[in-house]
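The block underneath contains the structure these notes are about, expressed in structure tokens.
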Amino acid sequence: MTMRYVSTRGGTPAQRFGEVLLGGLAADGGLAIPESYPVIDAGELARLRALAYPELAFEILHRFADDLPAEDLRAMLARAYTRERFGSAEITPLRTLEPGLHILGLSNGPTLAFKDIAMQFLGEVFEYALERAGTTMNILGATSGDTGSSAEHAMRGKRRLKVFMLSPYGKMSPFQAAQMYALPDTNIINLAVRGVFDDCQDMVKAVNADAEFKALFRIGAVNSINWARIAAQVVYYFKGYFAATLGDDEQVSFAVPSGNFGNIYAGHVARSMGLPIRRLIAATNENDVLDEFFRTGVYRVRKASEVHQTSSPSMDISKASNFERYVSDLVGRDAGRLAALWRQLDVAGSFELASAAERVRIAATGFVSGSSTHRDRIDTIRSVYRTYGTLIDTHTADGVKVGLQYRESGVPLICLETALPVKFAESIREAIGREPERPPGFENLEDLPQRVSVIDPDPEQVKRIIAQHATS
Ligand SMILES: *Cc1c(COP(=O)(O)O)cnc(C)c1O
2 MTMRYVSTRG GTPAQRFGEV LLGGLAADGG LAIPESYPVI DAGELARLRA LAYPELAFEI
62 LHRFADDLPA EDLRAMLARA YTRERFGSAE ITPLRTLEPG LHILGLSNGP TLAFKDIAMQ
122 FLGEVFEYAL ERAGTTMNIL GATSGDTGSS AEHAMRGKRR LKVFMLSPYG KMSPFQAAQM
182 YALPDTNIIN LAVRGVFDDC QDMVKAVNAD AEFKALFRIG AVNSINWARI AAQVVYYFKG
242 YFAATLGDDE QVSFAVPSGN FGNIYAGHVA RSMGLPIRRL IAATNENDVL DEFFRTGVYR
302 VRKASEVHQT SSPSMDISKA SNFERYVSDL VGRDAGRLAA LWRQLDVAGS FELASAAERV
362 RIAATGFVSG SSTHRDRIDT IRSVYRTYGT LIDTHTADGV KVGLQYRESG VPLICLETAL
422 PVKFAESIRE AIGREPERPP GFENLEDLPQ RVSVIDPDPE QVKRIIAQHA TS
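Given below as structure tokens:
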């Protein structure tokens with residue numbers, strides 16, 4: 002069956018993977034979703050169990066990207082998922098803390114956070130698509146930490162891509178800043194903005210609002226709503242399932258530290274494809290937009306001023322960008338209803354899906370949720386370290402804390418590790434009284450020479466810089 006993508010809001014013609022790949026939002030403001038999820042039956046599941054990561058990734062991704070020649074996709078995945086880039090042939094190794102309790106290591110890529118898994122594929126498939134179209138792209142992004150460095154490491158050295166990344170000057174940890182600024186590649190342009198993350202994001206919006214400039218310089222994005230990123234994340238749910246079970250009649254639950262809902266939405270896709278997932282446990286920090294929804298049925302986005310700065314900063318969000326895709330499934334793909342809900346969100350700042358029938362629908366998707374505080378994270382890091390000798394980061398700790406609340410006997414619980422502790426050394430010191438270890442290759446990161454320009458929060462200056470450096 003041919004895979005086609007439609008907009009959640011129903012206002013655009015169906016497209017193939019290659020067409021949604023480089024686009025951002027659908028023209029009607031919605032997000033691209035598959036017309037229907039591909040189904041993997043029990044026989045196929047048994048066959049996939051034995052596959053190494055790149056082959057498993059091929060089996061999943063070719064169902065979503067059936068307009069790419071199979072051999073080309075295979076080659077891209079073989080380049081993206083290597084021992085060199087991810088530290089082991091397993092790519093996402095499973096650590097067992099005790100029988101039935103596991104940590105799935107998603108953070109062994111070049112920037113030590115789970116975003117590398119999707120981003121390394123994106124780097125390959127972007128370059129491939131631009132090559133085929135005979136064109137180039139200038140990626141403009143804003144980051145508060147993990148996304149920017151992950152994108153830069155995925156796009157570095159790519160001939161048809163330049164990356165212009167805005168980051169708040171002096172607001173990231175020295176380690177995070179060095180992960181970006183120490184890259185020697187000339188297609189990576191780091192711009193440190195005298196301001197906060199919101200200023201950076203506003204500048205990206207302002208540049209994109211200039212349609213003429215955007216078209217002239219082929220401005221692109223790599224944000225978390227990109228469908229290729231979601232599809233690439235589906236793979237490790239399968240990998241984790243196989244690693245934690247012996248047979249395909251077993252169910253597992255996943256605990257997922259959540260912000261923009263991209264990671265856990267990929268879990269929802271895997272479950273919709275037939276992977277035997279019992280529960281998807283959404284864990285938030287103090288920014289509990291998602292937890293509030295699953296508890297009450299009310300989705301209420303926050304104002305920028307209401308966002309808490311927390312010790313799991315990659316989950317400090319005011320709204321969950323990918324949530325619209327999930328809600329589209331909850332309303333039975335009724336695009337009119339979905340569009341009406343998002344209009345209401347624009348006007349009133351919230352909507353409600355709290356009728357008895359809607360509660361039943363939400364429960365049928367397996368979602369449950371919880372939130373945690375800084376105290377919870379520190380306590381969880383300490384107790385996991387003392388009990389199991391395993392050190393986890395603050396985001397993973399949010400997931401473990403909430404996951405344990407929902408643990409059921411006889412159902413393996415897989416907690417997704419979304420970053421390594423070394424990225425958040427201050428909280429680790431607070432929890433266990435010493436520094437986290439540095440993985441090999443990161444010993445002197447902060448001492449390397451850096452390439453960054455400090456600029457004012459002025460979109461016109463960004464445009465001038467892009468015009469100067471853009472690929473032609
Ligand atoms: C991005 C990120 C998250 C949140 O993932 P979403 O897909 O936005 O829900 C969690 N932990 C870390 C370390 C991250 O970088």
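Quick note: the sequence shown, position 90, residue 91 per the numbering used here, numbers continuous.
Virtual Cβ for every residue (Gly too), placed ideally from N, Cα, C.
Residue i CB to nearest heavy atom of ligand 1 below 8 Å
i: valine 115; result: Note that residue 115 is phenylalanine in the sequence shown here, rather than valine. True, at least one ligand heavy atom lies under 8 Å from that Cβ.
i: threonine 148; result: yes
i: aspartate 394; result: yes
i: isoleucine 118; result: no
i: alanine 173; result: Inspection of the sequence shows that residue 173 is occupied by methionine rather than by alanine. Not under cutoff, so the answer is no.
i: phenylalanine 262; result: yes
i: proline 450; result: no
i: asparagine 323; result: yes
i: methionine 316; result: yes
i: proline 258; result: yes
i: threonine 187; result: no
i: threonine 419; result: yes
i: serine 319; result: no
i: isoleucine 265; result: yes
i: serine 1; result: Outside the shown range of the chain (2 to 473) lies residue 1, about which nothing can therefore be said.
i: serine 313; result: yes
i: serine 372; result: no
i: serine 225; result: yes
Neighbourhood of residue i by C-beta, 6 Å cutoff - its chain only, sequence neighbours within 5 removed
i: methionine 181; result: Gly149, Ser150, Glu153 and Asn191
i: phenylalanine 425; result: Asp394 and Thr395
i: valine 332; result: Arg338 and Leu339
i: threonine 13; result: Ala27, Ala28 and Asp29
i: isoleucine 104; result: Arg96, Cys416 and Glu418
i: leucine 354; result: Gly298
i: methionine 156; result: Gly124, Leu162 and Val164
i: leucine 414; result: Leu102, Ser254, Gly404 and Arg408
i: valine 197; result: Pro169
Short CB-CB distance (under 9 Å) between residue i and chain B
i: glutamate 293; result: Here there is only one protein chain, and chain B is not present.
Beta-carbon contacts of residue i that lie in its chain and below 7 Å, excluding the five residues immediately before and after
i: aspartate 261; result: The sequence given here has asparagine at residue 261, not aspartate. If we look at asparagine 261 and ignore the five residues flanking it on each side, its Cβ neighbours are Ser225, Ile318, Ala321, Ser322 and Asn323.
i: valine 257; result: Asn264, Ile265, Gly268, Leu281, Ile282, Ala283, Ala284, Gly400 and Leu417
i: lysine 159; result: Gly124, Glu128 and Asn188
i: arginine 219; result: Thr136, Thr137, Met138 and Asn139
i: alanine 1; result: As shown, the chain starts at 2 and ends at 473. That puts residue 1 outside it, with no answer to give.
i: glutamate 251; result: Pro277
i: alanine 398; result: Arg378, Thr381 and Ile382
Chain-order list of residues whose beta-carbon lies under 8 Å from that of residue i (same chain, five-residue window excluded)
i: serine 456; result: In the sequence on display, residue 456 carries isoleucine and not serine. Leu192, Ala193, Val194, Arg195, Gln462, Val463 and Ile466.
i: leucine 247; result: none
i: aspartate 481; result: The question about residue 481 has no answer here: the residues shown for the chain are numbered 2 through 473.
i: threonine 374; result: Asn286 and Glu287
Mind pulling the alpha helix (DSSP H) runs of 4 or more residues that sit fully within the region 238 to 315?
263 to 273 and 290 to 297
Is it the case that the region 365 to 380 contacts the region 38 to 47, given that we only count it when at least three CB pairs across the two stretches are under 8 Å?
no
Going along the chain, which unbroken runs of the beta strand (DSSP E) with 3 or more residues stay wholly within the region 14 to 72?
33 to 35
Does the contact criterion of 3 or more C-beta pairs under 8 Å hold for the region 57 to 71 versus the region 218 to 237?
yes
Please give me, in chain order, every unbroken run of the alpha helix (DSSP H) with length at least 4 that falls completely inside the region 118 to 166.
147 to 156
Looking at C-beta atoms only, is the number of pairs between the region 166 to 175 and the region 135 to 143 that lie closer than 8 Å three or more?
yes
Enumerate, from N- to C-terminal direction, the unbroken alpha helix (DSSP H) stretches of 4 or more residues contained entirely within the region 310 to 387.
324 to 331, 336 to 349 and 357 to 365
The region 107 to 116 / the region 85 to 93 touching (three or more Cβ pairs under 8 Å)
yes
Are the region 295 to 313 and the region 342 to 359 touching, with three or more C-beta to C-beta distances below 8 Å?
yes
Any contact of the region 426 to 442 with the region 377 to 384, i.e. 3+ C-beta pairs under 8 Å?
yes
Entirely enclosed alpha helix (DSSP H) segments - the region 393 to 455, minimum 4 residues
395 to 406 and 426 to 433
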